[in-house]
Amino acid sequence: MSNDDSHTADTTNATDTTDTTHTADDVRKNTPGKGRKPDARTIEPSAPDEFGLVQVWWGGGKGKTTAALGMGFRAAGHGFRVHLLQLMKGGADSVEDVRGEYNAIAAVPGITYENLGHYGWAGMRDGSDEADHATQAEAGFERARELVAAAGEADLSKPLPLDGPAEDGVHMLIIDEVLYAVSMGLLDESAVVDFVESKPENLELVLTGSHERPDYLDDVADLITQVKMEKHPFETGQRARKGTEY
1 MSNDDSHTAD TTNATDTTDT THTADDVRKN TPGKGRKPDA RTIEPSAPDE
51 FGLVQVWWGG GKGKTTAALG MGFRAAGHGF RVHLLQLMKG GADSVEDVRG
101 EYNAIAAVPG ITYENLGHYG WAGMRDGSDE ADHATQAEAG FERARELVAA
151 AGEADLSKPL PLDGPAEDGV HMLIIDEVLY AVSMGLLDES AVVDFVESKP
201 ENLELVLTGS HERPDYLDDV ADLITQVKME KHPFETGQRA RKGTEY
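With UniProt numbering, the residue at position 221 of the sequence shown is 221, and numbering never jumps.
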């Protein structure tokens, strides 16, 4: 056998002796719930370890607010402080007398809401004044700025009182329908970008709304999800239903 053949044989038969075993402690650390059934526990004030991202939920499909609320309730279930700020939600011609999510929020510690509302639909011939829509949107956005500034004054690395006001800081802030206000020309894109960039590092910020893709947020958002409609009962005349839409 030549020296070249011998070298080839040695390489082919070589065994990788790298230790890739994991101890039971390693597995438990990476998957703390492995091997046991999750259970419900009493909600106690706690602080998140990995909050601080910016989430954007947009698109023409149903589920943007629903997804944001689901995350809000999940975070509250861990004892984190959550606040929902809604722009352009409800109104004099709205079908609902009360939203089911408000009843649920009232029953769960650590999550609160504000509905800044409106009295008609921007861009629609319903008798409402477009200038008033812009004024309301800006007032709602100013409230969002106040809450972000308050979060910046709080120590978000520590638990926050579950019954404390949002002005004392929150771990997660959901601003519902703010992207609609931008796409309707009621708020400036640059103002929203500046707002996102002003948030404290540990605040989880969730923005929803708009059928138009918010390209202006590409550089400042960590998650952008499009909710696409393929079929909807509204197309056949079904009204909004209590328990699913409100």
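Just so it is clear, CB atoms sit at the ideal spot from N, CA and C, and this is done for glycine as well.
Query - Contact under 8 Å by Cβ, L205 with L173 - result: Indexing the sequence shown from 1 puts residue 205 at position 205. Indexing the sequence shown from 1 puts residue 173 at position 173. For L205 and L173, yes; Cβs fall inside 8 Å.
Query raised in the report: Quick one: is G243 buried, meaning 16 or more other Cβ sit within 10 Å of its Cβ, or exposed?
Result: Within the sequence shown, the letter at position 243 stands for residue 243. Label assigned to G243: exposed.
Query raised in the report: Skipping 5 residues on each side, what residues in its chain have a beta carbon closer than 8 Å to that of E235?
Result: As a position in the sequence shown, residue 235 is number 235, starting the count at 1. Nothing meets the Cβ criterion.
Report task. Check each candidate in F141, N202, V193 and L160 and name the one with the smallest Cα separation from L87. Result -> By 1-based counting over the sequence shown, the position of residue 87 is 87. Considering only alpha carbons, the answer is F141.
Query raised in the report: Anyone know if the C-beta pair for V54 and V196 falls short of 8 Å?
Result: As a working note, residue 54 is residue 54 in the sequence shown. As a working note, residue 196 is residue 196 in the sequence shown. The answer is yes: Cβ separation under 8 Å.
Requested in this report: Give the range of the alpha helix (DSSP H) segment to which D188 is assigned.
Outcome: Taking the first residue of the sequence shown as 1, we reach residue 188 at position 188. From DSSP, D188 is part of no alpha helix (DSSP H); its letter is neither H nor E.
Query raised in the report: Is T244 helix, strand or coil when you go by DSSP?
Result: Numbered from its first residue, the sequence shown carries residue 244 at position 244. T244 falls in the coil class under three-state DSSP.
Query raised in the report: Grouping DSSP H, G and I as helix and E and B as strand, with all else coil, what is V56?
Result: What you label residue 56 is simply residue 56 of the sequence shown in a count that begins at 1. If DSSP states are grouped into helix, strand and coil, V56 belongs with the strands.
Report task. Look up D163 in the DSSP assignment and give the residues it is bridged to. Result -> Counted from its first residue, the sequence shown places residue 163 at position 163. Answer is none; D163 lacks a bridge partner.
Query raised in the report: Rounded to the nearest angstrom, how far is the Cβ of T208 from that of K37, given a contact under 8 Å?
Result: Counting from one through the sequence shown, the residue named residue 208 turns up at place 208. Counting from one through the sequence shown, the residue named residue 37 turns up at place 37. With 8 Å as the limit, T208 and K37 do not qualify as a contact, their Cβ atoms being about 33 Å apart.
Requested in this report: Pull up the distance between the alpha-carbon of D219 and that of G79, whole angstroms please.
Outcome: Sequence index remark: in the sequence shown, residue 219 carries index 219 (1-based). Sequence index remark: in the sequence shown, residue 79 carries index 79 (1-based). Straight-line Cα distance between these residues: approximately 31 Å.
Query raised in the report: Of all the options I111, R143 and L186, which has the alpha carbon lying nearest to the alpha carbon of T135?
Result: Numbered from 1 along the sequence shown, position 135 holds the residue referred to as residue 135. For T135, the nearest C-alpha among the options comes from L186.
Query raised in the report: Are A154 and G169 closer than 8 Å when you measure CB to CB?
Result: Here the question's residue 154 lines up with position 154 in the sequence shown. Here the question's residue 169 lines up with position 169 in the sequence shown. Their beta carbons are under 8 Å apart, which means A154 touches G169 by this criterion.
Query raised in the report: So what does DSSP say about T18, is it helix, strand or coil?
Result: The residue you call residue 18 lines up with position 18 of the sequence shown. Any answer about T18 is weak, because its pLDDT of 49 lies below 50 and its placement is not dependable; what the coordinates show is given next. Three-state DSSP puts T18 in coil, outside helix and strand.
Query - Per DSSP, cross-strand counterpart(s) of G117 - result: Working through the sequence shown from its first residue, we reach residue 117 at position 117. According to DSSP, G117 bridges with L87.
**Report entry** Buried or exposed by the 16-neighbour rule on C-beta atoms within 10 Å, applied to R241
**Finding:** Within the sequence shown, the letter at position 241 stands for residue 241. With fewer than 16 other Cβ atoms within 10 Å, it is exposed.
Query raised in the report: How would you label A198, buried or exposed, when you count the other beta carbons within 10 angstroms and need 16 or more for buried?
Result: Your numbering for residue 198 matches position 198 in the sequence shown. It is Ser, not Ala, that sits at residue 198 in the sequence shown. S198 comes out exposed.
Query raised in the report: Using the beta-carbon count (16 or more within 10 Å), is S190 buried or exposed?
Result: For this step, residue 190 is matched to residue 190 along the sequence shown. By the neighbour-count rule (16 or more Cβ atoms within 10 Å), S190 is not buried but exposed.
Report task. Run the CB neighbour count on H133, radius 10 Å, all protein chains shown included, and call it buried at 16 or more, exposed below. Result -> As a first step, residue 133 is located in the sequence shown; it is residue number 133 there, counting from the start. Counting Cβ neighbours within 10 Å, H133 comes out buried, since at least 16 surround it.
Report task. Please report the residue range of the beta strand (DSSP E) in which D132 lies. Result -> The residue labelled residue 132 in the question sits at position 132 within the sequence shown. Element bounds for D132: not the beta strand (DSSP E) but the alpha helix (DSSP H), E130 to E153.
Query raised in the report: Within this structure, are the beta carbons of L162 and H171 separated by less than 8 Å?
Result: Looking up residue 162 in the sequence shown gives position 162. Looking up residue 171 in the sequence shown gives position 171. No; because the gap between Cβ atoms is not below 8 Å, this pair is not in contact.
Report task. Given a cut-off of 8 Å, decide if K158 and A40 are closer than it, judged by their beta-carbon atoms. Result -> In the sequence shown, residue 40 corresponds to position 40, counting from 1. In the sequence shown, residue 158 corresponds to position 158, counting from 1. Contact flag unset, no.
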